[in-house]
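See below for the structure under consideration.
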Amino acid sequence: MTVNSAWPSVYAIRHFDEIDSTNDEARRLAQTGEQGPIWILADLQTNGRGRRGRVWQSPLGNLAASLFLRPEKSVAECAQLSFLSALAVADTIGRYATNSDVRVKWPNDVLADDRKIAGILLESASAAGNRLDWLAVGIGINLAGHPEDTEFPATSLVGLGVAPPTTRDALGLLATSWARWYDVWMTRGFEPIRDAWLARAARLGTRIRARLQDEEIFGLFEGIDEAGALILRESQNRTRHIAAGEVFF
Ligand code: BTN
-8 MTVNSAWPSV YAIRHFDEID STNDEARRLA QTGEQGPIWI LADLQTNGRG RRGRVWQSPL
52 GNLAASLFLR PEKSVAECAQ LSFLSALAVA DTIGRYATNS DVRVKWPNDV LADDRKIAGI
112 LLESASAAGN RLDWLAVGIG INLAGHPEDT EFPATSLVGL GVAPPTTRDA LGLLATSWAR
172 WYDVWMTRGF EPIRDAWLAR AARLGTRIRA RLQDEEIFGL FEGIDEAGAL ILRESQNRTR
232 HIAAGEVFF
């Protein structure tokens, strides 16, 4: 399916046939003094990384891209960009997978029909005074294929029965949506991003399992706080705000 979008002005693009990791390229751009924003797209990644040190497989036909930028914001504020990115990814997938239920999952996955179809990996370096020096928003979208042996079940557009777009077309939609949400964030802050994210959150208000560093807890998924931490109600009088972990249904 072809879904057209105009490329957002201001954002540059660098397209590689093959690269180690688009996030690594973002780091190299930072070291050479680039200012960004620059989208880096690769047809193939030889060393794609996922969260928690996992390998991220992106075979030919899947989208592997990173946005390199230098937001003039604090480290804490920039962490909010993972939620904004999940919204842009969900928008993009929703344009193709029109018959699927596309949702976001804390902290920054996107699901289609309850299966993971995209992942996001933010990497950054901070500067003096708690400011961010640079940020890489790494995004992998399973367009043409997905792994079968994952702990959380995965899918792809092809797995959903949808003809996959070219990675360049998908990036056009993603970049456009990302730029739109970024403008919202810059002018109105995190609140509208959080509201939009919660409106699309999978299993909001239901009992979920969260795996933290040294424990696993169950509770009602009540929302996310101003810092993006997961709010889980374990019992009538005990609510936990979880900054890092993984969620299962
Ligand atoms: C996850 O574990 O869910 C996050 C996956 C992020 C993968 C993307 S693909 C583009 C960018 N380059 C990488 O090496 N990783 C991210």
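Residue numbers -8 to 240, in our numbering, belong to the letters of the sequence shown in order.
Ideal Cβ positions, reconstructed from N, Cα and C, are used throughout, including at glycine.
Keep in mind the model is a prediction, meaning the values are calculated, not measured.
The residue among G210, D82, N228, Q204 with its C-alpha nearest the C-alpha of R191 is D82. At least one heavy atom of the ligand BTN lies closer than 7 Å to the C-beta of D100. Residue nearest to N14 within the set V1, R42, D92 is R42 (criterion: CA-CA distance). The Cβ atoms of V80 and S117 do not sit closer than 8 Å to each other. At a cut-off of 3 residues, the continuous stretches assigned as beta strand (DSSP E) that sit fully inside the region 122 to 199 are 123 to 132. When the alpha-carbon of E206 is set against those of W188, L195, V238, T178, the nearest one is in V238. One thing to note: S76 has its Cβ within 8 Å of the Cβ of W169. Annotation for E68: the continuous alpha helix (DSSP H) segment containing it runs 66 to 70. Using a Cβ distance threshold of 8 Å, N53 and G136 count as a contacting pair. Segment contact: the region 23 to 38 against the region 89 to 100, fewer than three CB-CB distances shorter than 8 Å; contact not assigned. Per DSSP, Q26 lies in no beta strand (DSSP E) and is assigned neither H nor E. If the five residues before and after D11 are omitted, its C-beta is found closer than 8 Å to the C-beta atoms of Q36, T37, N38, all from its own chain and listed in chain order.
Rounded to the nearest whole angstrom, the C-alpha separation of E139 and L113 is 24 Å. According to the DSSP assignment, R224 belongs to the beta strand (DSSP E) that extends over 221 to 226. Straight-line spacing of the CA atoms in I84 and V128 works out to 17 Å. E213 places its beta carbon 8 Å or farther from that of R198.
S117 is bridged by DSSP to L123. Ranking D216, R200, L211 by CA distance to the CA of G236 puts R200 first. A straight line joining the alpha-carbon of W30 with that of I222 spans about 33 Å. A direct Cα-Cα distance of roughly 29 Å separates P(-1) from L151.
Comparing alpha carbon positions, the residue from A187, V1, L162, E63 closest to R86 is L162.
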